[in-house]
Amino acid sequence: MLPSRLAAENLPSADTALIELLLASGQSHLFADWDPAGTHTDAKRAFLDSLQTAHQSYPGGLPAYIANARKLLAEAAAGANPFECYTPEQPDLVDLSAFGPEYDEAEAAGLAAFAHTAVVLVAGGLGERLGYHGIKLDIPVETVESTSYLAHYASFLLAAGRRLGCQIPLVIMVSRDTDAGTRASLESHSHFGLDPAQVTILRQELVPALSDIQATLALDGKYRLALKPHGHGDIHMLLHTSGTARRLAASGIRHLLFIQDTNGQVFNAALAALGTSVKKGYDFNSIAVNRIPGEAVGGIARLKKPGAPDLTLNVEYNQLDPLLRATVSPEGDTPDARGFSRFPGNINLLAIRMEPYLRVLEKSSGIIAEFVNPKFADATRTTFKKPARLETMMQDLPKLFHSGEKTGVTVFDRTWCFSACKNNLAEAAAKVSQNGPPESASSAENDFYLAGREKLRMAGMAVEDAPATTIRGIPLVPGPRAILRPSFALTLADVRQRIHGGKISGDATLVLDGDIHLENCTLPPGSSLLIHAAPGAKVAVKNLTVSPGARYELEPLTDSELDSAEVPEFLRIRGYRLLNQGAKLHRFETPGHWTLDSTSL
Ligand code: UTP
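Going left to right, the sequence shown walks through residues 186 to 786 as my numbering numbers them.
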């Protein structure tokens, strides 16, 4: 029963039911200051709508959220140590940080498995550190052709789908900050060539902020619920509650590959990681990087506890060292012979096997290992300095593995598999000065070309690096700019099959898009070769020396340009622009066999 002043509002039955639930959950303060019935109706409506959204987006509704919060807050107040009685050891891992037959085998197995894989892209993050005004997925990963992250990801799915004769599903998690922008981007680019039916968009909602240990829902005003992000672990909940995981499983999907919004390197490593999952029978495979002890990246450890199943989990770096000191290693996190920690760095790239995943989702309603991180106001540990909220991280899924699920790690060279665009230039430069990775738009572009060069080298091309430079505090090796599109090569075996010999200078640009064979080609300083072959067109380029004179030139932005709205923001976050001094794209749009020689340049 509602108190009479609320009953007098004549609210729809759904609202009445929710208010009753909230009153029963000790949240009467939400309505205590309401103005008389019939006044401020718009503000009251908006408030009730925000409560309804929060209620409907959480499994079990707001009463479940409040109950979960009370439990976790009580544990936090008691100072519970989540790693109590656990001993860390190196996880089960496969090291693919060097190339060779093992890598090639894993890639071949991964390509076959990709036919039964869906890609899950978490793209709900606001990107506060970067401060870009649009969605991060729209940022170009490179500036030769200015391909956005979303276009780049879609191009891999398209090329793989063509090769494998199937459609690879793409699930994108958006939030209220990225929903409209992501949809607009997909629509204005005709889904980047994907079938719209291939793409599923799931939207994460914010969760209520909590003002004290009783999980009292915080208000930002009389009729304004305080809301905060719940974290990227929402993806598991949404895949469950929307029925997407079950639908994908029913359509034959056996693995899910979880990727981030700005990592242009991901598909260099994804297939080899997936192949490793298949080969090793991993239910949960973390794609990870070598990390130096003490580095500010979570380390993946196998945690052992008497009487409990082993847990392979990301342990935050500031928890890992004390845990090691308290258990197996009084010196803390020590380096191995190569200088790396035994606990590889988590980069939140995951390959998860569908069958155990469905089981865990069913059992947990998709609520994955929530945690709370309250900043207590004083020693009584009952009130907070600022509102807290429950959070969830997608890499914590193994916390719910209790049926012998196999968890492992595949380690790759860092820049080969991960180079995100997360920081603005000032923050990135500060990271560099502390020997950390800059993770700026410029370093991400730098690493994108670096991977292209590495592939050329593996195919036997002589690659001369450009002299290193620094722009706005970020070290860069600006060339050669080598872009090998997924339509050109999905695997290293493809690259080796399509490129034979040749030479490229540090001041040259090469873009290969489509079915192209390059034999003994030379790109001297100041030259560019950009080829696009549409599906069905086969292009052969043999014994060609590209003439110099049509080049791309890197031009740092001036201080005033860096602040000028006239300069596109995607350049301002890099600190430079790339000027095309006459380079042209050679297009082959019709199916057939074509040759590109010096007469056609
Ligand atoms: P980031 O660590 O890059 O965080 O997230 P962020 O929120 O995007 O950026 P900052 O911290 O505000 O600067 C890693 C991945 O998780 C996604 C991001 O979009 C990114 O792909 N993410 C993060 C979500 O999808 N939802 C969230 O609530 C948080």
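Where a beta carbon is used, it is the ideal one built from N, C-alpha and C, also for glycine. Bear in mind that the values here come from a model prediction, so they are computed numbers and not experimental data.
In the DSSP output, which residue or residues are listed as bridge partners for residue i?
{"i": "ASP468", "result": "Beta-bridge pairing links ASP468 to no other residue."}
{"i": "GLU576", "result": "PHE556"}
{"i": "TRP779", "result": "VAL724"}
{"i": "SER625", "result": "ASN608"}
{"i": "LEU770", "result": "LEU715"}
{"i": "GLU516", "result": "Beta-bridge pairing links GLU516 to no other residue."}
{"i": "TYR737", "result": "ASN765"}
{"i": "PRO393", "result": "LEU412"}
{"i": "ASP698", "result": "HIS717"}
If you reduce the DSSP assignment to three classes, tell me which class residue i lands in.
{"i": "TRP601", "result": "helix"}
{"i": "PHE556", "result": "strand"}
{"i": "GLY460", "result": "helix"}
{"i": "ILE477", "result": "coil"}
{"i": "ASN499", "result": "strand"}
{"i": "ARG527", "result": "coil"}
{"i": "ALA300", "result": "coil"}
{"i": "ALA486", "result": "strand"}
{"i": "ALA493", "result": "strand"}
{"i": "ASN448", "result": "strand"}
{"i": "GLU704", "result": "strand"}
{"i": "ASP280", "result": "strand"}
{"i": "GLY551", "result": "coil"}
{"i": "PRO248", "result": "helix"}
{"i": "PRO507", "result": "helix"}
{"i": "ARG538", "result": "strand"}
{"i": "LEU387", "result": "strand"}
{"i": "ASN631", "result": "helix"}
{"i": "SER210", "result": "coil"}
{"i": "THR784", "result": "helix"}
{"i": "GLY593", "result": "strand"}
{"i": "GLY309", "result": "coil"}
{"i": "LYS256", "result": "helix"}
{"i": "ILE398", "result": "coil"}
{"i": "PHE443", "result": "strand"}
{"i": "ARG666", "result": "strand"}
Decide if residue i is buried, meaning its Cβ has at least 16 other Cβ atoms within 10 Å, or exposed.
{"i": "PRO665", "result": "buried"}
{"i": "PRO354", "result": "buried"}
{"i": "MET131", "result": "For the chain, the structure presents residues 186 to 786; residue 131 sits outside this window and is missing."}
{"i": "VAL513", "result": "exposed"}
{"i": "GLN682", "result": "exposed"}
{"i": "HIS778", "result": "exposed"}
{"i": "GLY312", "result": "buried"}
{"i": "LYS229", "result": "buried"}
{"i": "PRO720", "result": "exposed"}
{"i": "HIS337", "result": "buried"}
{"i": "HIS587", "result": "exposed"}
{"i": "ILE716", "result": "buried"}
{"i": "HIS318", "result": "exposed"}
{"i": "ASP405", "result": "exposed"}
{"i": "GLN241", "result": "exposed"}
{"i": "SER764", "result": "First, the residue type needs correcting, since residue 764 is Leu and not Ser in the sequence shown. Under this definition LEU764 is an exposed residue."}
{"i": "ILE477", "result": "exposed"}
Given the structure, does residue i come close to the ligand UTP, in the sense that its CB is under 7 Å from one of the ligand's heavy atoms?
{"i": "ASN620", "result": "no"}
{"i": "ALA615", "result": "no"}
{"i": "ASP446", "result": "yes"}
{"i": "ALA667", "result": "no"}
{"i": "LYS607", "result": "yes"}
{"i": "ARG314", "result": "yes"}
{"i": "ALA636", "result": "no"}
{"i": "LEU311", "result": "yes"}
{"i": "ASN533", "result": "yes"}
{"i": "GLN389", "result": "yes"}
{"i": "PRO720", "result": "no"}
{"i": "HIS717", "result": "no"}
{"i": "PRO414", "result": "yes"}
{"i": "HIS587", "result": "no"}
{"i": "ALA308", "result": "yes"}
{"i": "SER333", "result": "no"}
{"i": "SER549", "result": "no"}
{"i": "MET646", "result": "no"}
{"i": "MET358", "result": "yes"}
{"i": "GLY214", "result": "Per the sequence shown, residue 214 should be read as His rather than Gly. No, since every heavy atom of the ligand UTP falls outside the 7 Å radius drawn around the Cβ of HIS214."}
{"i": "HIS374", "result": "no"}
Taking 7 Å as the cut-off, does the CB of residue i come closer than this to any heavy atom belonging to the ligand ADP?
{"i": "GLY264", "result": "Inclusion of the ligand ADP in the displayed structure is not the case, the ligand content consisting of the ligand UTP alone."}
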